[in-house]
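**Student:** Have a look at the structure that comes next, please.
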Amino acid sequence: MGQPKRILVACGTAIATSTVVARAIEEALGERHIQVITRQCKATEVPSLVQGMDLVVTTTPVPGNLGVPVIQTLAFLTGIGREAVIEQIIKALGQ
Amino acid sequence: MTLTLTDCLVPEAVNLGMDAENAGEVIRNIGGKLLYAGYVRETFTDAVLAREKTIPTGLPLSGKHNAAIPHTDVHHVIKPGIGLATLVRPVVFKNMVSPEEAVEVRLVFVLALDQPKSQIEMLQEVAQVLQRPGVVNALMEAKNLYQVREALKNNVAEKS
Chain A
-11 MGQPKRILVA CGTAIATSTV VARAIEEALG ERHIQVITRQ CKATEVPSLV QGMDLVVTTT
49 PVPGNLGVPV IQTLAFLTGI GREAVIEQII KALGQ
Chain B
270 MTLTLTDCLV PEAVNLGMDA ENAGEVIRNI GGKLLYAGYV RETFTDAVLA REKTIPTGLP
330 LSGKHNAAIP HTDVHHVIKP GIGLATLVRP VVFKNMVSPE EAVEVRLVFV LALDQPKSQI
390 EMLQEVAQVL QRPGVVNALM EAKNLYQVRE ALKNNVAEKS
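As you go down the protein sequences, you meet chains A and B in turn. Counting from -11, one number per residue, gives the positions in the first sequence under our numbering. Counting from 270, one number per residue, gives the positions in the second sequence under our numbering.
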């Protein structure tokens, strides 16, 4: 197995929402035996922290042209479209 | 010890069947109660209102009622607590993921969190509630704090 993939998880304040989303991603991918490392940040911090990341998952809009795939979703909060987003994340990580 | 949502719910900051004109009125009402109960600083309500303008917290849910989870930076908070409002008629919050979109909201959790990345179990419980239309409906129908606690207890008991 290769290096764990790195996912930057962004929300408005990096307090509540991204905490829930990061944990949900770790659990969902863990169940599928995919190791990931998540880091949380504010949406405004994404451009300065995106270096070395494989994917950005965000619940609020982030600046464009980051050079890595960006998935913008509320699925880990509301449950709507959760499975589809997990598939999208796996695909974006090239797993 | 793990804090549950029920532990964090501030009884003085629960307003069931509130009739509000708009989202700002809900935030000012619950923010004022959290202030009075000693959970947040005087700057909290204005900070939440300002944040809602740029990075809103409206969440369209799968059931018939939508929710919002207004909150703000930790330095406006004295100790962690959650305020709750259920509304007799919806108010408009903007959609978290696409802020140009309006969401008609009747369930509002005002989150006062004092540390980034903390209270994870309690936050997961909030997300779990939002993902379960049955629990949301039970909260919407709750007439008193006892019924709110029962709804949250049933949420925890339910298998995910």
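Quick reminder that beta carbons are idealized off the backbone N, C-alpha and C, glycines included.
Could one say the Cβ of Met409 (chain B) lies closer than 8 Å to chain A's Cβ atoms, at least one of them?
**Tutor:** Taking the first residue of the second sequence as position 1, residue 409 (chain B) is located at position 140. Not one chain A Cβ lies under 8 Å of Met409 (chain B).
**Student:** How many angstroms separate the CA atom of Pro329 (chain B) from the CA atom of Gly40 (chain A)?
**Tutor:** One-based indexing of the second sequence puts residue 329 (chain B) at position 60. One-based indexing of the first sequence puts residue 40 (chain A) at position 52. Distance between the alpha carbons of Pro329 (chain B) and Gly40 (chain A): 33 Å.
**Student:** Rounded to the nearest angstrom, what separates Glu14 (chain A) and Val38 (chain A) at their Cα positions?
**Tutor:** Position 26 of the first sequence, counted from the first residue, corresponds to residue 14 (chain A). Position 50 of the first sequence, counted from the first residue, corresponds to residue 38 (chain A). Roughly 18 Å between the two C-alpha positions.
**Student:** Would you call the CB atoms of Leu380 (chain B) and Ile347 (chain B) closer than 8 Å?
**Tutor:** As a working mapping, residue 380 (chain B) is identified with position 111 in the second sequence. As a working mapping, residue 347 (chain B) is identified with position 78 in the second sequence. Contact: no.
**Student:** In chain order, which beta strand (DSSP E) runs of at least 3 residues are fully inside the segment 24 to 78 of chain A?
**Tutor:** Runs found: 24 to 30, 43 to 46, 58 to 60.
**Student:** May I ask you to verify whether the segment 4 to 12 of chain A touches the segment 52 to 65 of chain A, counting CB pairs closer than 8 Å and requiring at least 3?
**Tutor:** Contact between the segment 4 to 12 of chain A and the segment 52 to 65 of chain A is present, because at least three Cβ pairs lie under 8 Å.
**Student:** Name the two residues that bound the continuous beta strand (DSSP E) containing Glu281 (chain B).
**Tutor:** As a first step, residue 281 (chain B) is located in the second sequence; it is residue number 12 there, counting from the start. Looking at the DSSP string, the run of the beta strand (DSSP E) that includes Glu281 (chain B) is 278 to 287.
**Student:** Classify Gln400 (chain B) as buried or exposed, calling it buried when 16 or more other Cβ atoms lie within 10 Å of its own Cβ.
**Tutor:** Taking the first residue of the second sequence as 1, we reach residue 400 (chain B) at position 131. Counting Cβ neighbours within 10 Å, Gln400 (chain B) comes out buried, since at least 16 surround it.
**Student:** For the beta strand (DSSP E) that contains Arg(-6) (chain A), what are its first and last residues?
**Tutor:** If you number the first sequence from 1, residue -6 (chain A) lands on position 6. Where Arg(-6) (chain A) is concerned, the enclosing beta strand (DSSP E) stretches over -7 to -1.
**Student:** When you compare each of B:Glu394, B:Asn423, B:Gly293, B:Gln393 to Pro359 (chain B) by their alpha carbons, which one comes out closest?
**Tutor:** Here the question's residue 359 (chain B) lines up with position 90 in the second sequence. The option with the nearest alpha carbon to Pro359 (chain B) is B:Gly293.
**Student:** Measuring CA to CA, which of B:Pro325, B:Ile338, B:Cys277, B:Asn284 is closest to Val357 (chain B)?
**Tutor:** Translated into the one-based positions of the second sequence, residue 357 (chain B) becomes position 88. Closest option to Val357 (chain B), Cα to Cα, is B:Asn284.
**Student:** Which residue from A:Ile25, A:Thr46, A:Thr32 puts its Cα closest to that of Gly(-10) (chain A)?
**Tutor:** Residue numbering aside, residue -10 (chain A) sits at position 2 when the first sequence is read from its first letter. Looking at the Cα atoms, A:Ile25 is the closest of the given residues.
**Student:** Rounded C-beta distance between Val295 (chain B) and Ala336 (chain B)? I'm assuming under 8 Å.
**Tutor:** Within the second sequence, residue 295 (chain B) is the residue found at index 26, counting from 1. Within the second sequence, residue 336 (chain B) is the residue found at index 67, counting from 1. With 8 Å as the limit, Val295 (chain B) and Ala336 (chain B) do not qualify as a contact, their Cβ atoms being about 12 Å apart.
**Student:** Which of helix, strand or coil does DSSP assign to Lys302 (chain B)?
**Tutor:** Here residue 302 (chain B) corresponds to residue number 33 of the second sequence, with the count starting at 1. Lys302 (chain B): helix per DSSP, three-state reduction.
**Student:** 8 Å is my cut-off, CB to CB: does His344 (chain B) come that close to chain A?
**Tutor:** Residue numbering aside, residue 344 (chain B) sits at position 75 when the second sequence is read from its first letter. Chain A contact via Cβ: absent.
**Student:** For a cutoff of 8 Å on Cβ pairs, would you count Pro339 (chain B) as touching chain A?
**Tutor:** On the second sequence, residue 339 (chain B) is found 70 positions in, with the first residue counted as 1. False, the Cβ-Cβ gap to chain A never drops below 8 Å.
**Student:** Which term fits Ala289 (chain B), buried or exposed, when burial requires 16 or more other beta carbons within 10 angstroms of its beta carbon?
**Tutor:** Within the second sequence, residue 289 (chain B) is the residue found at index 20, counting from 1. Looking at its Cβ environment, which holds 16 or more other Cβ atoms inside 10 Å, Ala289 (chain B) is buried.
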